[in-house]
Amino acid sequence: LAGVPTQGMFVVTKILSGAATAIFLDGINNVGQVVGTYDDGGDVGDIGFIYDHHTGYEWLGDNRYPAGINDLGQVVCESEQSQGFIYQYGIFSPLNMADYPTWPEAINNLGHVVGIYYVPAPEPDPGVSLNFLYRGGEYLSIALPGLFVEGINDSGKIAGYGVPPEGGGFIFDSLSNTYETSLMSEIYGINNIGNLVGRIDDGWSFLDATDSIQVQIQMGVEQVLTDINDFDQIAGFCEPGPEGGAEFGFVLTPCPFPWPFGHGIYPPFLPERPPAPGVSSGSGVSRGTGAVPKAGQGTASGKGIPKKKSGTGK
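Going left to right, the sequence shown walks through residues 33 to 346 as the working numbering numbers them.
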């Protein structure tokens, strides 16, 4: 995109479906697909999905909670049983750091995955949450104590945030093994240009190399920005304000766009969705039941584990 969008210069596309009481978006790719979780507020519970502007919803089941998607349509998923997966073409492939509870958070176009795993300890010790990088078929532990990874781009730059007392957003270069802090207090998404989305103090913002832009979708509601693609489209969700209402997902497309580029979440100049090859052999993973764990409520062996979007209710 030419230039940087100024505050308020976005087309807002709400992602809603049927009788959903809440839709959370956690990832967006350069093909315009988004992934997230649908909650009907009833017995069905929370269901993971992929949404494509052309083909609609692909439902992943009620125990697969997508956290990120790349341009090949590969989706990393979490589950209530603390089991990670990579989903593609109808197949769920297990993704776990050793035998530890694992939460994948993001996947880049090279198939590299970053996430969090939990190493339990004998009572009364609480155990420890650590970060991993899955690359080239190998699981690598990332030595970032007190920090949590959230995103990875194709250059191997990993973004995330720390919990007190460390605190603050960070960018870690997995190729040079170098680390830098960020103006953002929490980072949830990084694109291949290096632009970021996350939180600066109490506001949700877009950050490029020269400027930060606070984003306000709707007055009186809590909004969460979760991911950004290379066209600076931002995925996220809004929580109800004091007057209540449904939680909805949204995609922000930078403006100005000449018509029809500001319409929908799939600008026509983006590449077509890659064709699906013949489904390769593999063992599918059966779908379970249960509700998606919210932030700060993810547990392993009964111990609380800090999860992403802390303090937002998701």
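Heads up, the beta-carbon is just placed ideally off N, CA and C, and yes, glycines get one too.
Keep in mind that this is a model prediction, so the values were computed, not measured.
Going by DSSP, Phe263 is part of no beta strand (DSSP E) at all; its letter is neither H nor E. Val283 sits close to Val66, with the two beta carbons spaced by under 8 Å. When the alpha-carbon of Gly77 is set against those of Gly88, Ile260, Gln113, Thr53, the nearest one is in Thr53. In this structure, Asn227 keeps its C-beta atom at 8 Å or more from the C-beta atom of Asp186. Only residues of its own chain outside the window of five on either side were considered, and among them Asp262 have a CB closer than 7 Å to the CB of Ile225, listed in chain order. Distances from the alpha-carbon of Gly192 to those of Glu90, Tyr97, Ile174 put Ile174 closest. Asp131 sits exposed, since fewer than 16 C-beta atoms from the chains shown fall within 10 Å of its C-beta. In the displayed model, Gly159 falls within coil according to three-state DSSP, outside both helix and strand. Under the rule that a run must span 3 or more residues, the beta strand (DSSP E) segments found entirely inside the region 99-126 read 107-110, 116-120.
Distance between Ala267 and Gly59, taken at the CA atoms: about 6 Å. Scanning its chain for C-beta atoms nearer than 7 Å, with the 5 sequence neighbours on each side dropped, one finds around Tyr149 the residues Met129, Tyr132, Pro133, Thr134, Leu162, Phe164, in chain order. Glu170 is bridged by DSSP to Arg167. Sequence-distant partners of Glu218 (beyond 5 residues in either direction) whose C-beta falls short of 7 Å from its own C-beta, in its chain, are Tyr193, Gly201, Gly230, Arg231. Note on geometry: alpha-carbon atoms of Asp264 and Pro286 lie some 7 Å from one another. About 16 Å separates the beta carbon of Gly143 from that of Val181, a gap too long to meet the 8 Å contact definition.
Asn102 is classed as buried because its beta carbon has at least 16 other beta carbons within 10 Å across all chains shown.
Taking every protein chain shown into account, the CB of Val44 has fewer than 16 other CB atoms within 10 angstroms, so this residue is exposed. Cys270 is bridged by DSSP to Gln255, Phe280. In the three-state reduction of the DSSP assignment, Pro136 falls in the strand class.
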